[in-house]
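**Q** Chains H and L supply the protein sequences, listed in that same order.
The working numbering puts the last residue of the first sequence at 842; the count rises by one with no breaks.
The working numbering puts the last residue of the second sequence at 362; the count rises by one with no breaks.
Think of the CB as a built atom: it goes at the ideal place given N, C-alpha and C, for glycine as much as any other residue.
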Amino acid sequence: MSAEPPPEPSAPHVVPCPGGPLLLRGVSSVRDADGVEHPARRPVVALCRCRRTSEAPWCDGTHRLLAHAQAPTGHRAP
Amino acid sequence: MPPSSTLAPAAAPRPPRLPSPRGPLGEAVVTALDADPEGLSGSPEALGRATREDRLLTLWTLQELHRGGFAGVEDDAEDAPGVVALRRRLEQELEARLRGRWLSRAEPTESAQSAQSAQSAEPLGPAGPPPGAEPGTWAAEAIDGLVAADDGPSLARFVQRRATRAQALELLRLRSLYHLQESDPVAWLVPRLPVVAKAALVELQYDEYGAGDPARLHHHLFARGLEACGVDAAYAAHVDEAPVEILEQVTTVTMLGARRRLRGAALGHLAAFEATSCVPSRRMAQGLRRLGLPEEIGDYYREHVLADAVHEQLASRVICGALLEAEPQLADDVLFGAWTCLDLEARFAGRLLDRWAAS
Ligand code: FES
Ligand SMILES: [Fe+2]
Ligand SMILES: [Fe+2]
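#1: With DSSP as the reference, label L:W191 as helix, strand or coil.
#2: Can you give the Cα-Cα distance for L:V189 and L:R350, rounded to whole angstroms?
#3: Identify whether L:H272 lies in helix, strand or coil by the three-state DSSP scheme.
#4: With contact counted as at least three CB pairs below 8 Å, one residue from each stretch, are the region 803 to 820 of chain H and the region 306 to 315 of chain L in contact?
#5: Is any beta-carbon of chain H found at less than 8 Å from that of L:D357?
#6: Identify every residue that forms a DSSP beta bridge with H:V791.
#7: So, at 6 Å on beta carbons, what are the nonlocal neighbours of L:A288 in its own chain, with the 5 sequence-adjacent residues on each side left out?
#8: Just the chain L side, please: which residues come within less than 9 Å of H:P821 by C-beta, in chain order?
#9: Does any residue of chain L have a CB that is nearer than 8 Å to the CB of H:D824?
#10: Within a Cβ cutoff of 6 Å, which residues of the same chain sit near L:W191, ignoring the five residues on either side of it in sequence?
#11: Mind checking L:V76: buried by the 16 CB within 10 Å criterion, or exposed?
#12: Quick one: what does DSSP say L:P84 is sitting in, helix, strand or coil?
#13: Since H:P769 meets chain L, which of its residues come closer than 9 Å, beta carbon to beta carbon?
#14: Which chain L residues sit within Cβ distance under 8 Å of H:V779?
#15: I want to verify the contact list: residues of chain L whose CB lies under 7 Å from the CB of H:A725, in sequence order.
#16: Any beta carbon from chain H within less than 8 Å of L:L149's own beta carbon?
#17: At a CB-CB cut-off below 9 Å, which residues of chain H make contact with L:E206?
#18: To the nearest angstrom, how far is the alpha carbon of L:D153 from that of H:S818?
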């Protein structure tokens, strides 16, 4: 048998979501710019990158309300 | 009712009573389930005379036999031949109607189309990921496109600003048929998924089920919120109040979750549900606080602001992406499920807001 075994699937620890948050998998807390520690209470957390959340540092879905042009990292072809 | 910050450890599930029939089909089925489930015909004579409401409540009743059952109905009624045959027939009808709506849907508006990426500028529908596209990115963009194009009315916005206390409580009772079993239909999908999608779905479900803490389990949070409002939180306590649109929502989510063939649509439905949860949940929490309703019910919605900010990304990008990586032929079903979720909610919201406006 010469076929290569398929690569083991794995879940990345960081998943950037264009236009939205950064997902972090398996962290116990997040430290913000002021040095404040925020405990992570779920297996995956979403960090806000649009700066419009009212639940900082977490994403609260507000990025969806932003016009596309204002989204943090546009995912459309230029 | 005692406060229930945790589940009573040995609390046995309390099965609901059979619902009040809404027509001749329901009459025939409830009578048979009560007396002799084996004697139920798979195509009762009443079928020809049954309205959509009668059919959907009957389907809900038959589906519930597989979940928690009913007080006074034998446990093995769930696979009595007539139960299985009639459920199958009613689900085929439901699926055909939903697919018909999906195929005849209005094309997305200009602005919604431009909210999609250049890559997915293909018409929505039969098209799947183009060759070389990363399935997670494709799924997230295609589902976002449907969500952006959704111009259905918003119950959450109404509750946030204008609803009366009685209207808000009515909405909570009507939602209870869904929220008190939230995530359960999706749990049936797990054994039917390829490995990466399976791991990803269970990661999301672990959070829905409280990450090991029953006090954080989402449908229990909703039950606790109802109790704090003085509303009966027993499962299906308010089914007799549910309009046809609610019955269509709950029978659809159960059908999608319980049918291996419909796994793509089930995950698309999940993704659209999660993607339309964060902002509406915040509006609900604000409205319930404006009305002075107990914090416990707001807690259910506040939990969903943060949880679903994560879940919406996981469901489309990670879970649907992994499914389509392994089974790209399911792309259209994923979008069908997502669109159906949005459409069913728009129908329910339209119905309730019209009724409230008229009163
Ligand atoms: S990235 Fe979601 S609210 Fe900022
Ligand atoms: Fe939830
Ligand atoms: Fe969720």
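**A** The relevant details are as follows:
#1: As a working note, residue 191 of chain L is residue 188 in the second sequence. Coil at L:W191, not helix or strand.
#2: Position 186 of the second sequence, counted from the first residue, corresponds to residue 189 of chain L. Position 347 of the second sequence, counted from the first residue, corresponds to residue 350 of chain L. Whole-angstrom Cα-Cα distance: 22 Å.
#3: In the second sequence, counting from the first residue as 1, residue 272 of chain L sits at position 269. Note: L:H272 maps to helix in three-state DSSP.
#4: yes
#5: One-based indexing of the second sequence puts residue 357 of chain L at position 354. By this cut-off, L:D357 is not an interface position.
#6: Counting from one through the first sequence, the residue named residue 791 of chain H turns up at place 27. Its beta-bridge partners do not exist; DSSP assigns none.
#7: To locate residue 288 of chain L, count along the second sequence from 1; it is residue 285. Excluding positions up to five away in sequence, the list reads G301, Y304 and R305.
#8: On the first sequence, residue 821 of chain H is found 57 positions in, with the first residue counted as 1. Chain L residues near H:P821: none, gap ~11 Å exceeds 9 Å.
#9: Working through the first sequence from its first residue, we reach residue 824 of chain H at position 60. It does: the Cβ of H:D824 has a partner Cβ on chain L nearer than 8 Å.
#10: Counting from one through the second sequence, the residue named residue 191 of chain L turns up at place 188. Cβ within range, chain order: G260 and A261.
#11: Indexing the second sequence from 1 puts residue 76 of chain L at position 73. Label assigned to L:V76: buried.
#12: Locating residue 84 of chain L in the second sequence gives position 81, where the first residue counts as 1. Three-state DSSP puts L:P84 in a helix.
#13: Locating residue 769 of chain H in the first sequence gives position 5, counting from the first residue. Within 9 Å Cβ-Cβ: nothing; H:P769 doesn't reach chain L, min ~14 Å.
#14: Mapped onto the first sequence, residue 779 of chain H falls at position 15. Those are Q316, R320 and V321, listed as they occur along chain L.
#15: Absent from the model: residue 725 of chain H. The displayed extent of chain H is 765 to 842, so no value can be given.
#16: Stepping through the second sequence from its first residue, residue 149 of chain L is reached at position 146. Taking Cβ atoms only, chain H never reaches closer than 8 Å to L:L149, which makes this a no.
#17: Translated into positions along the second sequence, residue 206 of chain L becomes position 203. In chain order: A775, R789, P807 and V808.
#18: By 1-based counting over the second sequence, the position of residue 153 of chain L is 150. By 1-based counting over the first sequence, the position of residue 818 of chain H is 54. Spanning the two alpha carbons is a distance of roughly 25 Å.
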